[in-house]
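Protein chains in written order, with numbering that gives the first Met the number 0: chain X, 0 to 685; chain E, 0 to 144.
A quick write-up on the structure given underneath.
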Amino acid sequence: MDVFGSFTLLLAFVCAVYALVGGIAAIITRHPLLVKSTRQAGIATCVLIFIATFSLEYLLFTDNFSQAYVVSHSNRDLSAFYKVAALWSGQEGSLLFWSFLLSVYVISVLIAYRNKNGELMPYVGVVLAGVQTFFLTLNNFVESPFKTLATVNASGVLEPFTRMDGNGLNPLLQYPEMVIHPPNLYSGYTGFTIPFAFALAALLARYPGEKWIHLTRKWTMIAWCFQSVGILLGAHWAYAVLGWGGYWGWDPVENASLLPWLTGTAFLHSVMMQEKRGMMKVWNVWLVFCTFMLCILGTFLTRSGVVSSVHAFANSQIGPWFVGFLGLTLVVCFVAYIKNRDYLKSENQLDSMISRESSFLFNNLLFLVACIAVLSGTLFPVFTDWFTPSRISVGAPFFNKIMIPIGLALLFLTGVGPLLAWRKTSADSLKRNFGWPLLFGFLFAVLAYVFDYRNAYSLVCLFLCGFVFWTIVMEYYRGAKVISARTGMGLLMSAHELAMRNTRRYGGYVVHFGMVLIFIGLAGSAFNTDVQRTMNLGDSMKLGPYTLVLQSADTKPEKNYTAQRMIVEVLKDNKQLMMLYPEKRAFQGRDQQNGTMVAIYSTLREDVYVVFAGMDPDTNTPVIHAFLNPLVKWIWLGGVWVVMGTLLALMPNSRATLAVAAVPQTASSPIAQALNPSVTLREGHD
Amino acid sequence: MQNRAKFGVGIGVIVVAMSFLAWLGYGESKTYYHTIAEYQTLSASERAHRMRLAGTVAEGSIKRGSGRVDFTLEEQGKTLPITYVGSDPLPDTFKDKSQALVEGRPGSDGRFVAEHVQAKCASKYEAAPGGDKPAPAGTTQRSSM
C-alpha cells in the first residue's frame with residue numbers, strides 16, 4: 000500500500016504539471032481539445048491525491064509499523080477516531096492533508112464551472128494547477144509520508160524492518176477538538192486559494208464584467224467561515240487543554256492563523272465598494288493576493304518553526320521551499336498587476352467623509368493596520384535577527400496595546416457602517432438612526448458597571464456591544480415592518496422572509512451579532528482571577544462567590560494512559576453545584592509523557608476552571624490551580640452565530656413576491672431596496 | 000480635494016496613534032534571545048534586559064524548594080544555574096534532559112531568575128498542525144487577553 004500510495008502521489012504530480020504546462024499552452028493556442036484535456040488532468044490530479052491520502056489512512060488503520068510515519072504518530076492502542084487525526088499530526092501527513100483539502104476545492108471548482116465562464120476557467124485551472132504542483136513537489140520529493148523504516152545490516156546493506164508498535168500520538172492531540180480543529184483551519188487556509196485563482200485569472204484574462212468578483216466573494220466566504228471556526232476551535236482547545244486559564248496567547252502559530260482572516264475579512268467588506276460603486280478595484284485584488292500569500296506564510300510559520308525555533312526547537316527542511324514559492328507568487332501577482340492595471344481603474348470618487356464608502360475605507364484601514372501589527376510582532380525575532388546583532392521578541396502587551404483599540408474601533412464601525420447611506424449621509428438621518436442604539440449601549444454599559452465590570456476598555460467594549468446589537472435589531476425590525484405591512488404576516492415571519500430575500504445583507508448582520516457576542520466574551524477577560532493552593536483531602540478554598548472542596552482522589556487506568564483524578568466539589572452559598580474532575584494523564588509509549596485535563600464549570604456569567612497542577616514535591620499533596628473567568632462562554636456562542644450568519648449569506652436569495660417588487664424603486668429608504676435584491680443599481684442604498 | 004485632505008488626516012491620526020501604542024507595547028514586552036555562551040559574555044547594560052535562554056535541563060539538577068525551583072541549563076558544554084520563581088506550575092514536559100526555554104532576568108547572585116519556563120520532551124516531537132503551539136505542553140505564558 001505504501002508503494003501504491005507513493006506511486007499515486009507521483010502520478011498526481013505528473014498530472015498537475017501537465018495541467019499547468021498544458022493549461023498555459025491551451026491559453027495561448029486556444030485549442031478546445033487542449034483546454035478539455037488540461038481540465039481533465041486537473042480533475043485526475045485531485046482524484047489521485049484522494050487515493051494517496053486514503054492509502055496513508057489505510058496504513059494507519061492496519062497498524063503497518065514498517066512505515067516511518069505510522070510509527071511516529073500512531074500505536075496499536077490508539078482509538079480509530081485518533082487514527083484518522085494521526086493523518087495531520089505530523090509534518091509529512093499534514094502537508095499531504097493540505098493537498099487533499101485543496102483538491103476537494105479544486106475538483107469542486109473544475110466540475111461545477113466546467114461549462115461556465117468559458118474564457119476565465121482555463122486561467123483559473125492554470126493557477127490552481129500551479130499551487131497544486133508546489134504542494135505535490137513537497138509531498139513527493141521533500142516530505143514524503145510514505146517512507147519505510149530501514150536499517151543497515153551486518154553486510155552494510157539497507158534492509159527494511161518492522162517495529163512491534165508505534166510511538167503513539169502526542170497526548171496533547173488526543174482530544175476531540177484536535178480532530179476537528181485542524182481540518183477546519185486547513186480548509187480555511189486552502190480555501191483562500193480559490194478566490195486567489197479567480198482574482199489572478201480575471202486580471203490575467205482581463206475578464207469583462209463583475210462575474211468574477213461575485214465568484215471570488217462567494218469562495219472567500221466559504222474559506223473565511225472555515226478559518227473563523229478553525230481559529231475559535233484552536234482557542235477553545237488551548238483553553239480546555241493547555242491549562243493556563245486563557246484561550247489566546249499571541250503565539251506565532253495563533254497569529255499565523257489570524258493574518259489571512261484579517262485580510263479576508265477586510266476583503267469581504269471592501270468588495271461591496273467594488274460591486275456597488277466600482278471603486279477600490281486595485282485594493283481588492285491585492286487584498287485577495289495578500290490573503291493567499293498570508294495563508295502560505297501561515298502554513299510556513301506553522302510547519303517550519305522559523306519563529307519559535309529559538310535556537311533549539313523544531314527545525315525543518317521545507318523553509319526555503321515556502322520562501323521560494325512565496326517569492327514566485329509575489330512576482331507573478333506583481334507582473335500580472337503591472338501589465339493589466341488599467342483594467343482595474345476606479346469608476347467613482349469618494350464624495351463625503353460621512354458615508355458608507357468612508358466607513359468601509361476606515362474598516363479596511365483598521366484591518367490592514369491590525370494585520371501589519373500582528374505580522375510585524377510575529378516576525379519581529381526574525382527581522383531583528385537579520386538586521387541587528389540581537390534577536391528580540393515582543394509579547395502579549397505589544398499585541399494587546401494595538402489590537403484592543405483596533406478591535407473596539409472596528410466594533411464601532413460594525414454599528415455605524417450599515418446605517419450610513421452610500422455617497423453622503425445627512426445629519427438628520429444620523430440623529431434618527433443612532434439615537435436609540437446609543438441609548439441602549441449606554442444602558443448596557445451602566446448595567447455592566449452595576450455588575451462590577453469596571454475596567455475602561457471593558458466598559459467601552461460593552462457599550463459598543465449594546466450599541467451594535469441595537470442597530471442590528473432596528474435593521475431587522477424596520478425591514479420586517481415593511482414586509483408585515485404589505486403581506487399581513489407576523490413580525491417574526493416577516494423578519495425571516497426579509498432575511499431570505501437578501502441573505503447576504505441579513506446574513507451579514509447575523510455574523511455581526513456573533514461578533515458582538517464574541518466581544519462581550521473578550522470584555523470579560525479583564526476580570527479573570529485565579530488562586531493556587533496545596534490541598535489535603537477535605538480542604539476548601541474560596542474562588543469569588545464559589546467554594547471548592549477537594550473531596551477525594553482516584554486513579555483510573557485507561558487503554559492508552561493512566562489518569563490521576565481529583566474530585567472537586569463546587570459550592571455556591573453552601574449549595575452544591577457541581578463535581579469537577581481535573582486530571583493528570585500519564586501516557587504509555589511516548590517517554591511517559593503527561594497530559595492535563597482541565598475541568599470547567601461553565602455558565603453564561605463565568606467559568607470555574609480547575610486544573611490539577613501536580614503533586615507538591617515536599618508534602619506530596621495535590622496542588623489545585625483554579626481560575627474564575629467571566630463571560631468566556633459568550634465567545635463560543637458567538638462563534639456559532641458567525642457560522643450561521645455565513646451560511647445564511649451563502650444561500651441564494653429567494654424571489655421577492657409581486658407585492659414587494661412593486662415598491663417604487665425611487666424610494667430613498669434603504670429598506671425598500673434591501674427588500675428587492677434583484678435591483679443592482681450602482682448607486683442604490685443597499 | 001478637501002475630502003482627500005480630511006481622509007489623509009483621519010488615516011494619519013490612526014497610523015500615528017497605533018505606532019505610538021506599538022512603541023509602548025514594544026518597550027514593555029521586548030525580550031532578547033541569547034544562547035548560554037552569549038549570555039556569559041554580555042555587558043552589564045545588556046544584562047538589564049529581559050531575555051530568553053534555551054538549553055537542556057541537566058540530569059539530576061532539578062531541586063524543588065518552597066516557592067522556587069532550581070535547575071541547571073546546559074548548552075554546548077556551557078551551563079547556567081536557573082531559579083524559577085513563577086506562579087504557574089511547571090509544565091508536564093519539564094524533566095531531566097528535556098529542552099527548556101526560560102524567560103526572565105539575571106539575578107544578583109549569578110543565577111538567572113526565570114518567570115516563565117517552557118519545556119518539551121527530548122524525544123522527537125513535531126509541532127502540531129493548525130492553531131497548535133510549537134511547545135504546547137510547556138506554555139506557561141499568559142496574556143491579559
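Quick reminder that beta carbons are idealized off the backbone N, C-alpha and C, glycines included.
No experiment lies behind these values; they were computed from the predicted model shown.
{"Asked": "Given Lys583/X as reference, the closest of Lys430/X, Leu570/X, Val597/X and Leu576/X once Cα atoms are compared", "Found": "Val597/X"}
{"Asked": "Option nearest Thr618/X by Cα separation, candidates Gln1/E, Gly11/E and Arg63/E", "Found": "Arg63/E"}
{"Asked": "Minimum Cβ-Cβ distance from Glu27/E to chain X less than 8 Å", "Found": "yes"}
{"Asked": "Asn593/X: contacting residues in chain E (beta-carbon distance under 7 Å)", "Found": "Asp91"}
{"Asked": "CA-to-CA distance, Pro170/X to Glu687/X, given in whole angstroms", "Found": "As displayed, chain X neither begins before 0 nor continues past 685, which places residue 687/X out of reach and without an answer."}
{"Asked": "Stretch-stretch touch, CB-based, cutoff 8 Å, three pairs: the stretch 329-348 of chain X with the stretch 245-254 of chain X", "Found": "no"}
{"Asked": "Residues of its chain near Ile405/X, where Cβ-Cβ distance is below 7 Å and the 5 sequence neighbours each way are ignored", "Found": "Leu365, Val368 and Ala369"}
{"Asked": "Contact belief for Glu74/E with Gly54/E at Cβ below 8 Å, rounded distance in angstroms", "Found": "4 Å"}
{"Asked": "Member of Gly297/X, Ala585/X and Leu168/X whose CA lies at the smallest distance from the CA of Lys82/X", "Found": "Leu168/X"}
{"Asked": "Distance between Gln117/E and Leu20/E (C-alpha atoms, nearest Å)", "Found": "28 Å"}
{"Asked": "Bridge partners - Leu579/X, DSSP secondary structure assignment", "Found": "Val567/X"}
{"Asked": "Own chain, CB closer than 8 Å to Gly66/E, minus 5 neighbours either side, in chain order", "Found": "Val84"}
{"Asked": "Beta-carbon proximity check, Ser65/X vs Thr147/X, cutoff 8 Å", "Found": "yes"}
{"Asked": "Of the listed residues Ser78/X, Ser98/X and His72/X, nearest to Leu9/X (C-alpha basis)", "Found": "Ser98/X"}
{"Asked": "Three-state secondary structure (DSSP) of Ile599/X", "Found": "strand"}
{"Asked": "Stretch pair the stretch 457-472 of chain X + the stretch 520-528 of chain X: three plus CB contacts closer than 8 Å", "Found": "yes"}
{"Asked": "Beta-carbon proximity check, Ala200/X vs Val123/X, cutoff 8 Å", "Found": "yes"}
{"Asked": "Tyr17/X - DSSP class collapsed to helix/strand/coil", "Found": "helix"}
{"Asked": "C-beta contact flag for Ala255/X and Thr377/X at 8 Å", "Found": "yes"}
{"Asked": "Within chain E, the residues that Asp617/X reaches when beta carbons sit closer than 9 Å", "Found": "Arg63, Gly64 and Ser65"}
{"Asked": "Pick from Ile295/X, Pro31/X and Ile337/X that is closest to Pro319/X, judged by C-alpha positions", "Found": "Ile295/X"}
{"Asked": "Nearest-angstrom Cα separation, counted from Ser653/X out to Gly9/E", "Found": "40 Å"}
{"Asked": "Ranges of the beta strand (DSSP E) found wholly within the stretch 384-462 of chain X, counting only runs of at least 3", "Found": "390-392"}
{"Asked": "Beta-ladder partner(s) of Ile81/E, from DSSP", "Found": "Phe70/E and Phe111/E"}
{"Asked": "Residues that Phe379/X bridges to, as DSSP identifies them", "Found": "In the DSSP output, where bridge partners are listed per residue, Phe379/X has none listed."}
{"Asked": "Cβ-based burial, Arg38/X [other Cβ within 10 Å; buried from 16]", "Found": "buried"}
{"Asked": "8 Å Cβ cutoff met for Pro181/X and Thr215/X", "Found": "no"}
{"Asked": "Strand pairing of Phe134/X, partner residues [DSSP]", "Found": "Phe134/X pairs with nothing; no bridge assigned."}
{"Asked": "Residue from Asn573/X, Phe411/X and Asn362/X whose Cα sits closest to the Cα of Phe6/E", "Found": "Asn362/X"}
{"Asked": "Own chain, CB closer than 8 Å to Thr602/X, minus 5 neighbours either side, in chain order", "Found": "Lys632"}
{"Asked": "Contacting residues, own chain, Cβ-Cβ under 8 Å from Trp211/X (five flanking each side not counted)", "Found": "Asn116, Leu119, Phe197, Ala198, Ala200 and Ala201"}
{"Asked": "Nearest to Gly41/X (by Cα), restricted to the options Arg205/X, Val16/X, Phe291/X and Asn114/X", "Found": "Val16/X"}
{"Asked": "Beta bridge counterpart(s) of Tyr545/X as assigned by DSSP", "Found": "Leu542/X and Lys571/X"}
{"Asked": "Three-state class that DSSP yields for Asp1/X in the structure shown", "Found": "helix"}
{"Asked": "Start-to-end residues for the beta strand (DSSP E) that takes in Tyr342/X", "Found": "Run containing Tyr342/X: none; DSSP gives neither H nor E here."}
{"Asked": "Residue span of the beta strand (DSSP E) that contains Gly64/E, given as start and end", "Found": "Lys62 to Gly64"}
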